[in-house]
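Just below is one structure, and these are the notes that go with it.
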Amino acid sequence: MEFLRAIEEKWQGKWEKAKIFEADPDPKKPKYFITVAYPYPNSPQHIGHGRTYTLADVHARYMRMRGYNVLLPMAFHYTGTPVLAMARRLADNDTGLINDFINVYKIPKEKVKEFTDPMTLASFFHQEIKTGMKEIGFSIDWRREFTTIDPHYNRFIEWQFQKLRKAGYISRGSHPVGWCPKDGNPVGQHDTVGDVEPEIGEFTLIKFRQNNLVFPTATLRPETVFGVTNIWLNPKTKYVKAAVDAEQWIVSKECVEKLTHLNRKVKVLETFGGKDLIGKLVENPATKTKIPILPADFVDPKNATGVVMSVPGHAPYDYVALENLRKTPSQLKEYGLAPKTIESVKPISLIEVPGYSEIPAADAVRKMNIKEQTDPKLEEATKEVYRHEFHNGIMKPNTGKYSGLSVNEAKDKVKQDLIAEGKATTMYELLNRPVLCRCKTECIVKIVQDQWFIDYGKQEWKTLAHKNLDNMEILPEELRSEFNNVIDWLHEKACARKSGMGTRLPWDKDWIIESLSDSTIYMAYYTIVKHIKEHKLQPAQLTDEVFDYVFLGIGKTAEIAQKAKLDAKIIEEMHSEFMYFYPLDSRHSGRDLVPNHLTFMIFNHTAIFPEKLWPRQIATNGSVMMEGAKMSKSFGNIIPLREGLAKFGADPIRLSVLSTAELLQDAEFSPAIAKSMRERLERLYKFASEVAKNSRNTKTSENSLTAIDKWMLSRLQEHIRKATEAMDKLAVRKAIHSVLYELEQDFQWYQKRITAQKGHKKSATDFVHSQVLDAQIRMLTPVAPHLCEELWKMMGEKGFVSLASWPTADESMINIEAEENETLVMDVLEDTLNIMKATGMTPKKIYYYTACSWKWKVYLEMLEKARHGEAKLSEIMKELAAEEDSKKNMKEIANFAQKALKEVNRIPQDRREKVLKMKALDEKAAIEDAKDLLKQRLKAQVEVYDEEDSQRYDPKYKAALSTPFKPAIYIE
RNA sequence: GCGGGGGUCGCCGAGCAUGGUCAAAGGCGCAGGCUUCAGGAGCCUGUCCUGUAGGGGUUCGUGGGUUCAAAUCCCACCCCCCGCACCA
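Using my numbering, the letters of the first sequence correspond one by one to residues 1 to 972.
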């Protein structure tokens, strides 16, 4: 362990000193520009974060070895509420959080106290994260580092927003948000107790009237207005009569504040108990019928208006409440209701649903055996009825012009019509209430006025975004359809808030641009920030005109430079560096950013840059699981990255997060995995040391290589090919498997073979070893760069392996025959073992009989036929019969052909081609060659004969059973 | 609801895009053996059923279909996970 850490530190030092990851424009080299979503410095990074960044680094390192001038920069996202919220929670003495900081992150108590200041907190974690990134060996060009609250960056964002505004993509309006009335702030998921997302829904308020008095019943199913039999009020709670805009409404007392937040003018005129209104009649605006107001305890005054229309035919709650009322005459009496009033209230059926009776609500209630209106099962019953009615329900004739429509269609039509006729209005309400703010106050819905939006809903903009996406590579490709959907769905996105850190809207300084909106095109900023720092430019010098020229080539440099009090040369330099590195070749992030940041990036690029500068690739990855649970702060199961590095080493951690899962999947991490990775690397190191000792100056001429050497080298090419193909798709797991495990398997077979083989030349072995190791080290470098640098040096190579080239498969070393021979040996061994198992024999001597030449000839002819479709026995027999020399043993041939044909027809096409290319195999020689190994593994004597060998020992006449690729076997 | 991903031999998990070499990689677990003073670990062998000759049978969520041939292609259904915003 100490040893690995020492290596890491050593090479990180060397890289930094040699500045090998600092990328400047180089016209002689193709460039490759990779960025990863910059981190929020509000807590230390953990191993989960490490995955995304490591993947990006591996990508960068791979492309560098493929000969590209790779730029991988990094910055820090101070914008918005994450940093602020963290500081505030600490200031509020959130003990859980403070404990995490002290115990999990091992931050000194004294230091944590200082974190109530957001800037102190941010800059501390900024450095912490940066150090971690260095310790894990990311190949970042640190000269380009910045934060999103740097005044220069603010200028850049201002420029971006002016551009968006001029393009007509900024709009303003009001929209509903979850809101804490006490804090006076919008609440999102992370602001609520239990991290619940406030779900905002739109209720339809249908205006039942009593003369001029409006009873706004809140419903999510306006189409059922035709089945209303009564209105429910909660008799035990307070209601008010209030002037709402130009009308007089009856609503629950609790509703008043909500209406105010929804921008209605509300003035309470009178307060009274719900029971005071029981028994009064109101008119249904849709049917003009007069219906009574009845009492129901299930009515929640906190939900919407607290006034509810009753549709007992289709709403289980209403059905049960009505039944309850009917059965308790005492209640009727209490509220002065005549039994006759109740008797006349009968469920009305207005929707026809297959599988249900006239009264679906009654069916559901009976099925679930619900007796009381307070039964929680009613929730489920309601959902069930609704689900069926929504999908399969048809409106009945008693719904007038909606008759025959599906519920699905009628729902919206009824709503729109009622609103248009002034018989209804709408009200936002939380669907999953109660939602509690962290301050324990119940949240409500507020309509925020004059909110600024980026209008991703614009059709022509969507078209551009689709165009970009269509020409982009998406890794993994499976997510493309999700991007397509997100582009279609997005609409106005609130882009500024009144609090937090960041850039102020240039035209309305009260607002601060929020973090998902100031992080959409910043990749461009990396290409110029180097110059800003180098020349110590002032923010004021970065005028909109300067940016226009640098990024878009608009204007004349001399004029711009003069106005900005800036050297024209610097503007040119920035422009050409931008033009060199842009467009962005690859964008990395966690897959959770697909529906927001990544898609915003696409949109904003298309809005601001010409098509040739749009991003070319997006690569996303899943998260890291720790013992089955997602690694995240709230679960308390995190391992801070730096702690992991100290414990397991950088290369093992890199390997761990990338080798256990492919892009889309979540990766499993555990100390055991990290440990086994470390051991795997240590074994490689040990082996490499051995090889290094032996293979200095290994120069072996090709002709001293034996079959098994050629086999190993041939296999090596296949592994190189596979690893390269995998890396091109960022299937790092696959690549690692190919390089580390599959290659290793072949290599172990090779070792077994040469160990068993008497007199295998050492020079050949050394040559093969060094070939394998050379390729293996190169291919492992992107994932385990530290160890590989060390091995590289050990192998006597000069310079950095980080800058060496990725190996390419050498076609000339691919040896089909050697591979087929070896496959034969493996098959023969396996078959023999199988026979031993089936018979329970312990063999003394084993005889193999390889197929004779005519069998091969027939076999190959069949293959040739099969190449152009299925080979037919009759055809082949005819042809064979025509041939002179085969006439003598037609019966034998027919026998064999029948068996072989079955084989031939199920061989895949590419293997057929291979076999045809190399013709008959010298099976006898192949087995002879592996005789030492076979003897050793089978613990028996081994003899090989050609089946037609007259000298053969064959007491059981097995030889005739041989077929190509399947020698006959006799064991005694 | 809308959208996305997924259901593989005890468990985890490849393979499915380009159907055949798939009873289906690898790891874990389990069983036996070797090694070690011991502990850990390492190595080897086995691990669907069945068979005294390399074979046969039944498997890849469920049910159909296409094909000489399907874990792999098509259709329907069931189940699980994730996202739906002003919040990163």
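The beta-carbon is built from N, C-alpha and C at its ideal position, and this holds for glycine as well. Predicted model only: the values in this text are computed from it and were never measured.
- Round the Cβ separation of A424 and P222 to the nearest angstrom and send it over; I've been treating them as touching at under 8 Å. Going by Cβ atoms, the distance from A424 to P222 rounds to 7 Å, so yes, they are a contact pair.
- Is E947 closer than 8 Å to A959 when the C-beta atoms are compared? A contact, by the Cβ cut-off of 8 Å.
- What runs of the beta strand (DSSP E), each 3 residues or longer, lie entirely inside the stretch 922 to 967? Runs of the beta strand (DSSP E) lying entirely within the stretch 922 to 967 and spanning at least 3 residues, in chain order: 941 to 946.
- Query: Applying the criterion that 16 or more other CB atoms from any shown protein chain within 10 Å of the CB defines a buried residue, is E979 buried or exposed?
  - Reply: Nothing can be reported for residue 979, as the shown portion of the chain is limited to 1 through 972.
- Message: Quick check: V240 and V268, are their CB atoms within less than 8 Å of each other?
- Response: yes
- Query: Hey, M501 and Y68: beta-carbon distance below 8 Å or not?
  - Reply: no
- Message: When you compare the CB positions of K371 and P301, do they come within less than 8 Å of one another, or not?
- Response: no
- Query: Taking L979 as the reference, which of A91, L84, A23 has the closest Cα?
  - Reply: Residue 979 falls outside the range modelled here, since the chain spans only 1 to 972, and no answer is possible.
- Query: Where does R906 sit, in a helix, a strand or coil, going by DSSP?
  - Reply: Taken through DSSP and simplified to helix, strand or coil, R906 comes out as coil.
- Query: Can you tell me where the beta strand (DSSP E) with V36 in it begins and where it stops?
  - Reply: 31 to 36
- Message: Going by C-alpha to C-alpha distance, which of N212, D746, F603 sits closest to I170?
- Response: The option with the nearest alpha carbon to I170 is F603.
- Message: Taking the alpha-carbon of T374 as reference, which of D318, F390, E352, A866 has the nearest alpha-carbon?
- Response: D318
- Return the CA-CA distance between G188 and R497, expressed in angstroms with no decimal places. Rounded to whole angstroms, the separation of the alpha carbons of R497 and G188 is 13 Å.
- Query: Can you name the residues that DSSP bridges to N185?
  - Reply: Per the DSSP secondary-structure output, N185 pairs in a beta bridge with C180.
- Query: Pairing CB atoms from the stretch 457 to 472 with CB atoms from the stretch 115 to 122, are three or more of them under 8 Å?
  - Reply: no
- State buried or exposed for P347, treating a residue as buried only when at least 16 other CB atoms are found within 10 Å of its CB. buried
- Query: K919: which of R654, L860, V307 sits nearest, CA to CA?
  - Reply: L860
- Message: Using DSSP's beta-bridge definition, name the partner residues of D436.
- Response: Checking the sequence shown, residue 436 turns out to be Leu, not Asp. Note: L436 sits in a beta bridge opposite E442.
- Extent of the continuous beta strand (DSSP E) run through H46: Where H46 is concerned, there is no enclosing beta strand (DSSP E), given that its DSSP letter is neither H nor E.
- Quick one: using the 10 Å Cβ neighbour count with 16 as the cut-off for buried, is L517 buried or exposed? Sequence check: residue 517 is Ser here, not Leu. So S517 ends up on the buried side.
- Item | Euclidean distance between Cα positions of C443 and H175 | Taken atom to atom, the span from the alpha-carbon of C443 to that of H175 is near 16 Å.
- Message: Taking 7 Å as the cut-off, is the beta-carbon of H786 closer than that to any non-hydrogen atom of the ligand SAH?
- Response: Here there are no bound small molecules, and the ligand SAH is not part of this structure.
- With 16 other CB atoms within 10 Å as the buried threshold, where does S310 fall? buried
- Query: Nearest CA to the CA of K675: which residue from F226, L645, F547, E662?
  - Reply: The shortest C-alpha separation from K675 is found at L645.
- In angstroms, rounded to a whole number, what distance separates the CA positions of D954 and L716? So the two alpha carbons sit approximately 39 Å from each other.
- Query: To the nearest whole angstrom, what separates the beta carbons of L436 and V193, a pair I think is in contact under 8 Å?
  - Reply: Right, the Cβ-Cβ distance comes to about 4 Å (below 8 Å), so this counts as a contact.
- Cross-strand partners of H588 (DSSP beta bridge): V36, A619
- Tell whether a beta-carbon distance below 8 Å holds between I893 and V858. Yes, these two residues count as a Cβ contact at 8 Å.
- Could you spell out the range, first to last residue, of the alpha helix (DSSP H) harbouring T823? 816 to 839
- Query: Based on the DSSP output, what are the partners of Q210 in its beta bridges?
  - Reply: L213
- Within the same chain, show all residues whose beta-carbon is closer than 8 Å to that of R172, passing over the 5 residues directly before and after it, in chain order. D450, Q451, W452, F453
- Query: With 16 other CB atoms within 10 Å as the buried threshold, where does P151 fall?
  - Reply: exposed
- Taking I231 and V308 to be in contact with their CB atoms under 8 Å, please state how far apart those CB atoms are, rounded to whole angstroms. 7 Å
- Kindly identify the DSSP beta-bridge partner or partners of K273. Sequence check: residue 273 is Gly here, not Lys. Paired residue(s): K238.
- Message: Taking the alpha helix (DSSP H) that Y68 belongs to, which residues open and close that run?
- Response: If you look at Y68, you'll find it isn't in any alpha helix (DSSP H); DSSP assigns it neither H nor E.
- Query: Is DSSP giving K396 helix, strand or coil here?
  - Reply: Coil, per DSSP.
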